[in-house]
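J.: In our numbering, the protein residues as written are 1 to 80.
Note that the Cβ used here is the ideal one computed from N, Cα and C, for glycine as well.
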């Protein structure tokens, strides 16, 4: 029995390498798209929350100013 020597199949190797490269590239593109979409959603949510916080701060300022005016006029102060 002669020694078994397997030949290197270059076309098969190149096809396999090409398929792996294609799968990696597709995975990278899909992953980047999903990450970008998630970042956009988080950014929009943060903007919405920041606007709400600003509105609440404005309301607190209004109430504090109203309380000061009531105290100056001698009216009954109220708790915020």
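Tell me the DSSP secondary structure of residue 6 in three-state form.
T.: Sequence index remark: in the chain shown, residue 6 carries index 6 (1-based). In this structure, residue 6 counts as coil in the three-state DSSP scheme.
J.: Just verifying my parser: in three-state terms, what is the DSSP assignment at residue 74?
T.: Translated into the one-based positions of the chain shown, residue 74 becomes position 74. Reduced to three states, the DSSP call for residue 74 is coil.
J.: Among residues of its own chain, excluding the 5 on either side of residue 38, which ones have a beta-carbon nearer than 7 Å to its beta-carbon?
T.: Translated into the one-based positions of the chain shown, residue 38 becomes position 38. Within its own chain, no residue has a Cβ closer than 7 Å to the Cβ of residue 38 once the five positions on either side in sequence are excluded.
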